[in-house]
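A short write-up of the structure that comes next.
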Amino acid sequence: MLNWHLIERKNMESKILVDTNVLLDYFLTREPFFNDAKQIIEKCAEGKINACIAAHSVSNMFFILRKTYDVKERRELLLSLFEIFDVEGIDSEKLMKGLKNETFSDFEDCLQMECAESFCAQYIVTRNTADYVTSKIPAVTPTEYLEMER
11 MLNWHLIERK NMESKILVDT NVLLDYFLTR EPFFNDAKQI IEKCAEGKIN
61 ACIAAHSVSN MFFILRKTYD VKERRELLLS LFEIFDVEGI DSEKLMKGLK
111 NETFSDFEDC LQMECAESFC AQYIVTRNTA DYVTSKIPAV TPTEYLEMER
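Numbering-wise (this note's numbering), the sequence shown opens with residue 11 and increments by one.
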């Protein structure tokens, strides 16, 4: 794992929201997705990408990672994210907009889009691009995003 606190944030041009599944690919070393997830996170940590995560991603990951990491490890891993990612909160306005948005079949994905919009993200980086076809913010896979950044 990277030592986020050793990496200084620099001027960043690109703004993205990193979806929960990309972070889980990294934390759970899920192949064949791990390397792209790692590259995205490293670029964020190096300050090459200005990125956010949705606040509810943290609670979702705390639960999902319980099978692999103990409580102390999960707290440390998730706290490390705050050193490189902005965290976009979920307020009542975003919740209501998400609940009223009938173009999304998955409420959680709609909340991700609301957070991306609030952050003024140019892209949502996710492996589930099909879930974002109606999103106001374009969704791209980690591989696609890395190709665009080259």
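Cβ atoms here follow ideal geometry from the backbone N, Cα and C, with glycine treated the same way.
Keep in mind that this is a model prediction, so the values were computed, not measured.
Since residue i is in the beta strand (DSSP E), which residue starts that stretch and which ends it?
{"i": "Asp119", "result": "That residue, Asp119, is in no beta strand (DSSP E); its alpha helix (DSSP H) goes 117-129."}
{"i": "Lys58", "result": "That residue, Lys58, is in no beta strand (DSSP E); it is neither H nor E in DSSP."}
{"i": "Ser24", "result": "24-28"}
How far does the alpha helix (DSSP H) with residue i in it extend, from its first residue to its last?
{"i": "Ser69", "result": "65-74"}
{"i": "Tyr133", "result": "Here Tyr133 belongs to no alpha helix (DSSP H); instead the beta strand (DSSP E) covers 133-135."}
Apply the 10 Å Cβ neighbour rule to residue i and answer buried if 16 or more other Cβ atoms are within range, or exposed otherwise.
{"i": "Lys82", "result": "exposed"}
{"i": "Val28", "result": "buried"}
{"i": "Ser67", "result": "buried"}
Nearest by alpha-carbon distance to residue i: which of the options is it?
{"i": "Gly57", "options": "Phe95, Leu88, Thr39, Leu34", "result": "Phe95"}
{"i": "Asn111", "options": "Lys146, Ala140, Phe72, Asn70", "result": "Lys146"}
{"i": "Leu34", "options": "Asn138, Phe44, Glu124", "result": "Phe44"}
{"i": "Phe92", "options": "Thr144, Arg76, Lys107, Ala65", "result": "Ala65"}
{"i": "Ser69", "options": "Asp141, Gly99, Tyr155", "result": "Gly99"}
{"i": "Val135", "options": "Ala47, Thr113, Thr39, Phe114", "result": "Ala47"}
{"i": "Asn138", "options": "Val150, Glu127, Gln132, Ala131", "result": "Val150"}
I'd like to check one pair, residue j with residue i: are the Cβ atoms closer than 7 Å?
{"i": "Cys62", "j": "Phe117", "result": "no"}
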